[in-house]
Every structure is written in structure tokens, then in C-alpha cells.
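Here the sequence shown is numbered in this note's numbering, starting from 253 and rising by one per residue.
All C-beta atoms in this analysis are idealised placements derived from N, C-alpha and C, irrespective of residue type, glycine included.
Here the structure is laid out as C-alpha cells; the discussion comes afterwards.
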Amino acid sequence: MEIRLSEHFSYGKLLRFTFPSVAMMLFCSIYGMVDGFFVSNYVGATQFAALNLIWPYTMVLGAVGFMIGSGGTALVSKTLGEGKPKLANEYFSMMIYAAIVIGLFLDILGLSLMRPVARLMGADGELLEYAVQYGNIIMAAMPTFMLQCVFQPFMVTAERARLGLWFTVASGLTNMFFDWLFIGVFGWGIRAAAAATVLSQVVGFALPMIYFLRRNNSLLRLGRPSTDMRAFIKACSNGMSELVTNLSISLVGMLYNQRLLLLAGENGVNAYGVISYVSYLFLAMFLGYSMGISPVVGFNYGARNRPELRSLRRKSIVLLSLAALVVGTAGLCFSDSIASFFADGDLEFRDMAARAFRLYSFSYFLSHYNIFASAFFTALNNGKVSAAISFSRTILLQVGAILLLPCVLGLDGIWLAMPLSELICSLLSFILFQAYRRRYGY
Numbered sequence: 253m254e255i256r257l258s259e260h261f262s263y264g265k266l267l268r269f270t271f272p273s274v275a276m277m278l279f280c281s282i283y284g285m286v287d288g289f290f291v292s293n294y295v296g297a298t299q300f301a302a303l304n305l306i307w308p309y310t311m312v313l314g315a316v317g318f319m320i321g322s323g324g325t326a327l328v329s330k331t332l333g334e335g336k337p338k339l340a341n342e343y344f345s346m347m348i349y350a351a352i353v354i355g356l357f358l359d360i361l362g363l364s365l366m367r368p369v370a371r372l373m374g375a376d377g378e379l380l381e382y383a384v385q386y387g388n389i390i391m392a393a394m395p396t397f398m399l400q401c402v403f404q405p406f407m408v409t410a411e412r413a414r415l416g417l418w419f420t421v422a423s424g425l426t427n428m429f430f431d432w433l434f435i436g437v438f439g440w441g442i443r444a445a446a447a448a449t450v451l452s453q454v455v456g457f458a459l460p461m462i463y464f465l466r467r468n469n470s471l472l473r474l475g476r477p478s479t480d481m482r483a484f485i486k487a488c489s490n491g492m493s494e495l496v497t498n499l500s501i502s503l504v505g506m507l508y509n510q511r512l513l514l515l516a517g518e519n520g521v522n523a524y525g526v527i528s529y530v531s532y533l534f535l536a537m538f539l540g541y542s543m544g545i546s547p548v549v550g551f552n553y554g555a556r557n558r559p560e561l562r563s564l565r566r567k568s569i570v571l572l573s574l575a576a577l578v579v580g581t582a583g584l585c586f587s588d589s590i591a592s593f594f595a596d597g598d599l600e601f602r603d604m605a606a607r608a609f610r611l612y613s614f615s616y617f618l619s620h621y622n623i624f625a626s627a628f629f630t631a632l633n634n635g636k637v638s639a640a641i642s643f644s645r646t647i648l649l650q651v652g653a654i655l656l657l658p659c660v661l662g663l664d665g666i667w668l669a670m671p672l673s674e675l676i677c678s679l680l681s682f683i684l685f686q687a688y689r690r691r692y693g694y
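Encoded structure:
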């Protein structure tokens, strides 16, 4: 039986309601790791470096999907809380159709800039060619990836989180199967890895699209869209933090790769690739929980249920803090095993990746608080505060740390940039929570 947005949430009910979103993010991260595993172990170090080098650029353009999905979810759930289901469905339809149009435009733009961007990040020779080959295939399917990102939070808002999880599982299994078939069996190389990813994104987009186009018993259905551009702009403003987060992760990833090529060569880029794959897995618990709880926060904000907002914030911080303790400890204890999973007998790469991940893991003890704070303010339709947290955490503080810490600590400074950024940002998040507590009544 599905839990309704309007219910009172105990600790147990919070865990049950957010579990599908957490599982969805965990599964997404696992099948992302499978890409890296097959390329690093079956294709080669140069191709693995090419994938890691160009992937952040493809995510720069895909970040718009996260903005529309998170901002649209905040608007739609608030409208549902206000008792306006027809208007909520019109807003939902507007977000989906807008994502299709924007995705097609970004597709053309991304393809035209692929080679210049790869050169800008320092790629040349074989590394450049492999990066362009992989990036062009991924970019060709950008609209499907964007819509997959948009649909994920809307499945939670529609009170069909479990179904959304099964859609994600189907997408992930598609990626894993074709990675194994194209690379492990046929040995087709980096283009095959990109093709497997594209096929999975098509599945992840098509299943929810078909569901929402047909008659269903959820809160949402695709139909006639709203033409209220002020509402669309407001939704995009609310989702700005998610755009900033994903955009900055991509831009900072490009900066990491550029610096690491200079400091440590391809092994440095590949070590950061290991961190990126596994970090997504480790942070999936925080990201999934925050995505799952956001519609509940937005609904209760629209319904002006302040006691429930207070309860949701307090219980969420307790649950996420316990999870952070487990995740951070796991990162410190299993760094060697994680590095060996991707190393394929390369001892120099394994040792570098293990040390890098061990130092980076200190960030997991703090990241949950900042991720939840940003998502909480997005759900309250306060995109400015949410974006301020995201911008500080992922661009302002981290870029400064990446540029300055290596001057003092050498290569270790690169790996410690994220823990320092999370520490400073957690202080900012605490201050903002305190500053707005009376306005929202949480």
C-alpha cells in the first residue's frame, strides 16, 4: 500500500517512503560503476581515461534535467498540498514537454562543441579521439537522459515511488547486460560502452513516459500543459540548486581532470574516475533520501502544516547522520578493495586510487547535511537559499581548494579539496537553517 503525502511520518514510515528513491539512486550508481569496470578491465587505461575525461562535459548539459525535475516537483507537490490537482497536472505536463524541447536544443549544442571541449581539457592524440567517440554517442541521446532525470522525482510526487524504482532497475539491467555483451563478449571497445548507456537511458525514459501518457491511478497524468510561463520560471528558479549542483560537479570534475593530467597523468584522471563512480554509490543514500522526502516537505509547506515540517526536518537529520557514519567509515576501511576492483593488476594505479579514495572519504561524514539542506530549501520553494548552499559547496569552496591545496600538500591536496569544502559548507548550512526557521516554522 502506497504511503500518502498527507500522512504523518514516523521514523519507520520515513524509511519506507524514501526507500524506493534511495534504492533507485543506489542502483543508478551501481550500473554506472559497471561501465567503469568493463572499460577499465576489458578495454584499456587510455579509453578509461577518455571516458572519465569527457563524462563531466556530457553531465553539464544533462544538469538541466535535474533542474526541471526538482524544481517542477517542488511546484507540483506544493500545488497538490493546496488542493489543486488539475492545476498540478497542467504544471507537470508543462515540465515534461519543456524538457523535450530544451533537450533537443542542448543535443545540437553539445555535439558541435564536443571536440573543442575535449581539447580544452587537455586531451590529444588517442585520448582525444576516444573521448570524442564516447561523448558523441552519449550526447546524441541527451533528450532521453534529461527526461529520465525529470521523471525520477515526479514518480515520487505521483506516489508511485516503487514503480519508479522498477523502471530504474529495468534501465540499469539494460546497461549491465549490454556492457557485458558488447564489451565482455564481443570486445567492441569504448563506443560499445556508450551505446549500452544510451540504450539504458531510452528504457529509463520510455517506461515512465508510457505510464503517464496512459490512464493511471496516480496523482499525475500527462495531458494539456499549463502555459503559465511565470510558473515555469519559478519552478526553474526553485530547481536552480540542483542545476548548480550538477553543473558544478561537472565543471569541477573537468577542473579535477585538467589538474590531474598535469600532476599525475592518466593514472591521476583514472583515480579520480574511481572516486567519481564510488562516490555516487556512497552518496546515493543521501541523494535518494533527499529526493524522496522533498515532495512530502513541499506538500506540507503548501498545506501550511508547520508541526509536520519540524518533525520531518528533525527526523531526517537524525537518520542521515547515522547513515553518514556508516558510509564514511566504510570509505576509510575499504579503500584498498575498491581501488583493486578497477585496477586490473596495475599496482601504481591501485595504490594511487586507494590513497585518493581514503582521503576523499572524510567528506562523507559531512556531505549528508549539505545535500539535505539544499533539497529541503528547494522543497520549500526557496531556490535562492538552496542554490547558495549548492554553489558554495560545489563551486566556490571546492574550486578554491583544488587550486590552492596542491600548492601546499601536493597531490594529496587534490583529494582533500572535497572534505574541506564540505566542512566549511556545513557551517553555512547550519547558519541558514537557523536564519529561516521562523519564516517556515520548521
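Within 8 Å, strictly: CB atoms of residue i and residue j
i           : j           : result
residue 630 : residue 546 : yes
residue 452 : residue 478 : no
residue 291 : residue 442 : yes
residue 209 : residue 370 : The displayed coordinates of the chain run from 253 to 694. Any statement about residue 209 would go beyond what the structure contains.
residue 594 : residue 288 : yes
residue 533 : residue 281 : yes
residue 232 : residue 402 : Nothing can be reported for residue 232, as the shown portion of the chain is limited to 253 through 694.
residue 416 : residue 400 : no
residue 624 : residue 590 : no
residue 271 : residue 261 : no
residue 583 : residue 274 : no
Beta-carbon separation (whole angstroms), residue i vs residue j, contact threshold 8 Å
i           : j           : result
residue 551 : residue 329 : 5 Å
residue 609 : residue 530 : 7 Å
residue 553 : residue 564 : So it is not a contact: roughly 10 Å between Cβ atoms.
residue 391 : residue 362 : 4 Å
residue 277 : residue 540 : 4 Å
residue 535 : residue 524 : Contact flag wrong, Cβ pair sits at about 15 Å.
residue 592 : residue 602 : 6 Å
residue 658 : residue 652 : The pair is not a contact, with the Cβ atoms about 12 Å apart (cut-off 8 Å).
Cβ neighbours of residue i in the same chain (closer than 6 Å, five flanking residues each side left out)
i           : result
residue 409 : 325, 328, 329, 547
residue 340 : 328, 331, 332
residue 617 : 576, 580
Same chain, Cβ closer than 7 Å to residue i, neighbours up to 5 away in sequence not counted
i           : result
residue 644 : 677, 680
residue 383 : 302, 305, 306, 370, 375
residue 389 : 443, 446, 447, 450
residue 670 : 612, 615, 650
residue 378 : 298
residue 555 : 333
residue 426 : 451, 452, 455
residue 661 : 668
Own chain partners of residue i with C-beta closer than 8 Å, once the 5 adjacent residues on each side are dropped
i           : result
residue 476 : 342, 345
residue 438 : 444
residue 518 : 297, 298, 301, 379
Start-to-end residues for the alpha helix (DSSP H) that takes in residue i
i           : result
residue 681 : 669-687
residue 359 : 337-372
residue 334 : Taken as a continuous stretch (DSSP letters only), residue 334 belongs to no alpha helix (DSSP H), as it is neither H nor E.
residue 623 : 616-631
residue 427 : 413-431
residue 477 : Note, residue 477: premise wrong, no alpha helix (DSSP H); not H, not E.
residue 590 : 587-595
residue 377 : 377-392
residue 438 : Note, residue 438: premise wrong, no alpha helix (DSSP H); not H, not E.
residue 599 : 599-612
Residue nearest to residue i in terms of C-alpha spacing, selected from the options
i           : options            : result
residue 487 : 360, 633, 456, 348 : 633
residue 364 : 387, 347, 351, 353 : 387
residue 217 : 646, 635, 406      : Nothing about residue 217 can be read from this structure; the chain reaches only from 253 to 694.
residue 619 : 588, 675, 648      : 675
residue 514 : 654, 559, 431      : 654
residue 635 : 657, 359, 684, 605 : 684
residue 372 : 433, 668, 509      : 509
residue 349 : 600, 537, 321      : 321
Distance cut-off 7 Å: residue i Cβ against heavy atoms of the ligand ADP
i           : result
residue 336 : You won't find the ligand ADP in this model; it holds no ligand whatsoever.
8 Å Cβ cutoff, residue i in contact with chain C
i           : result
residue 659 : Within the model displayed, chain C is absent; a lone protein chain is all it includes.
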